[in-house]
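S.K.:
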Amino acid sequence: MDYYSQLKKLQPNFKVIIPFKDYVAELVRELGLHSIEIIIKTDSIILVNGMDQFTPIWAQDVWSDCIGTEINSINQGIEILKKYKNIGSYYPLVKNNFGELISQKVKNIPLKRIKFQPNHPFDFKFTAWTILDSFLITSEKTLKRFPFGWHEFEEDKNSPPSRAYLKLWETFTIYGVNIEKSDTVIEVGSSPGGWTWVLSGLANKVYSIDRAPLSDKIGKIENIYHQDGDAFKLNPKNYPDVTWFFSDIICTPEKIYETIQFWLNNSPVRKFVCTIKFKGDCNFDILKQFLAIENSTIIHLYHNKNEVTWIKYA
Ligand SMILES: C[S@@+](CC[C@H](N)C(=O)[O-])C[C@H]1O[C@@H](n2cnc3c(N)ncnc32)[C@H](O)[C@@H]1O
Numbered sequence: 000m001d002y003y004s005q006l007k008k009l010q011p012n013f014k015v016i017i018p019f020k021d022y023v024a025e026l027v028r029e030l031g032l033h034s035i036e037i038i039i040k041t042d043s044i045i046l047v048n049g050m051d052q053f054t055p056i057w058a059q060d061v062w063s064d065c066i067g068t069e070i071n072s073i074n075q076g077i078e079i080l081k082k083y084k085n086i087g088s089y090y091p092l093v094k095n096n097f098g099e100l101i102s103q104k105v106k107n108i109p110l111k112r113i114k115f116q117p118n119h120p121f122d123f124k125f126t127a128w129t130i131l132d133s134f135l136i137t138s139e140k141t142l143k144r145f146p147f148g149w150h151e152f153e154e155d156k157n158s159p160p161s162r163a164y165l166k167l168w169e170t171f172t173i174y175g176v177n178i179e180k181s182d183t184v185i186e187v188g189s190s191p192g193g194w195t196w197v198l199s200g201l202a203n204k205v206y207s208i209d210r211a212p213l214s215d216k217i218g219k220i221e222n223i224y225h226q227d228g229d230a231f232k233l234n235p236k237n238y239p240d241v242t243w244f245f246s247d248i249i250c251t252p253e254k255i256y257e258t259i260q261f262w263l264n265n266s267p268v269r270k271f272v273c274t275i276k277f278k279g280d281c282n283f284d285i286l287k288q289f290l291a292i293e294n295s296t297i298i299h300l301y302h303n304k305n306e307v308t309w310i311k312y313a
């Protein structure tokens, strides 16, 4: 497809959005709700004008202060990229040999799986770039600190009983959620135990609540206290030592919102990580209610499916 005429409509400091491949439609809906003008949309890149005051939840990455330069040769592209102080990070767009040829002649950081490390230091800077049609697009200001928000981890394929553990690994490594060795945490809807397994390695004590049992793999870990029960009928007064509340429970957004409000009103717990799950379309109205809770944010994690993660830091 020829994007040349649309590329000419880009205003200075336009933005590049990298969508999650399975949630392009949700991102487009979110942009529409905020009246953001989409100039180009493919399954792997969206270019917009404006969007200064708003960061879409359903974006895998956003590049700001973008510069688009029409180039006539591979050498011209190489010259431009060589002028940047920081190493490049090439985002390949399908069937784009021009980009491939330039990328072979300049230094780029290779995509590397991330090691799980709470509060990863992120000490590298890079220039994100891609080629669309005959335009070289560059940005030194990306929302995600790992290129393209590609949050693949060096996985542990043996210990955790479910792959849900990757959501917490991502939360702790990338988004500054900090569990201290002195914390006591509660997880509701915890079976088979992927999250509980992660939490048991970081906190002093983990209350794990589900109507279903934990996997035998983690049943014997000493600081896990599993209770068989209905997570929506708990009395917070029975958990006076809890400092963090975690939920990956399968329920409607309304039900988890109500549960969070109940804990906020009936316990001293102020730190939460909760998955908000959708059947069908994302309910943006209820997300506004979650965001109205102070010190909180909503992220669509790389490891989230049709769900988002609400984090309250304090
Ligand atoms: C997506 S799974 C949780 C996966 C888990 N976080 C992990 O890492 O392995 C959701 C869990 O919610 C539990 N659940 C749903 N409704 C519940 C309720 N009312 N009380 C307790 N658990 C419930 C289900 O039994 C199920 O195990």
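In terms of numbering that gives the first Met the number 0, the sequence shown opens at residue 0 and continues consecutively. Positions of the beta carbon are idealized from the N, C-alpha and C atoms, including for glycine. Quick caveat: nothing in here was measured; it's all calculated off a predicted structure.
Quick one: what's C273 bridged to in DSSP?
M.R.: C273 pairs with S246 and W309.
S.K.: Which runs of the alpha helix (DSSP H) at least 4 residues long sit entirely within the segment 184-266? Give them in chain order.
M.R.: Counting only runs of 4 or more, we get 193-199, 215-218 and 252-265.
S.K.: Going straight from the alpha carbon of I297 to that of F134, what length do you get?
M.R.: Whole-angstrom Cα-Cα distance: 33 Å.
S.K.: By DSSP, does K166 sit in helix, in strand, or in coil?
M.R.: If DSSP states are grouped into helix, strand and coil, K166 belongs with the helices.
S.K.: Nearest to H119 by CA position, among E139, R144 and I108, is which residue?
M.R.: Comparing Cα-Cα distances from H119 to each of E139, R144 and I108, the minimum goes to R144.
S.K.: Beta strand (DSSP E) containing Y89: first to last residue?
M.R.: Its beta strand (DSSP E) spans residues I86 to Y89.
S.K.: Compute the Euclidean distance between the alpha carbons of A313 and G175, then round it to the nearest angstrom.
M.R.: The straight-line gap from Cα to Cα measures roughly 12 Å.
S.K.: In terms of alpha-carbon separation, which member of K111, F171, R162 and D132 lies closest to W149?
M.R.: The candidate whose alpha carbon is nearest that of W149 is K111.
S.K.: Is I285 near ligand 1, in the sense that its beta carbon is under 8 Å from a heavy atom of that ligand?
M.R.: It does not: the Cβ of I285 is nowhere closer than 8 Å to a heavy atom of ligand 1.
S.K.: Should A211 go down as buried or exposed, given a rule of 16 or more other Cβ atoms within 10 Å for buried?
M.R.: A211 should be labelled exposed.
S.K.: On the three-state DSSP scale, how would you describe N157?
M.R.: The answer is coil: DSSP assigns N157 none of H, G, I, E or B.
S.K.: In whole angstroms, what is the alpha-carbon distance linking S72 and I35?
M.R.: Computed Cα separation, rounded: 33 Å.
S.K.: Does at least one heavy atom of ligand 1 sit under 8 Å from the Cβ of P117?
M.R.: Result no, Cβ not under 8 Å from ligand 1.
S.K.: Label T141 either buried or exposed according to how many other C-beta atoms from any shown protein chain fall within 10 Å of its C-beta, with 16 as the threshold for buried.
M.R.: With 16 or more other Cβ atoms within 10 Å, it is buried.
S.K.: Under 8 Å by Cβ, that's how I've got L6 and D132 pegged, so tell me the actual separation to the nearest angstrom.
M.R.: Yes, they are in contact, since the Cβ atoms of L6 and D132 sit about 6 Å apart, within 8 Å.
S.K.: Check whether the Cβ atoms of N305 and Y90 sit closer than 9 Å, and answer yes or no.
M.R.: Not closer than 9 Å, so no.
S.K.: Between which residues of its own chain and G193 is the CB-CB distance below 7 Å, once the five residues before and five after are set aside?
M.R.: Once the five neighbours on either side are set aside, the close Cβ partners of G193 are P159, P160, S161, R162, A163 and Y164.
S.K.: Using three-state DSSP, classify I108 as helix, strand or coil.
M.R.: It is coil, neither helix nor strand.
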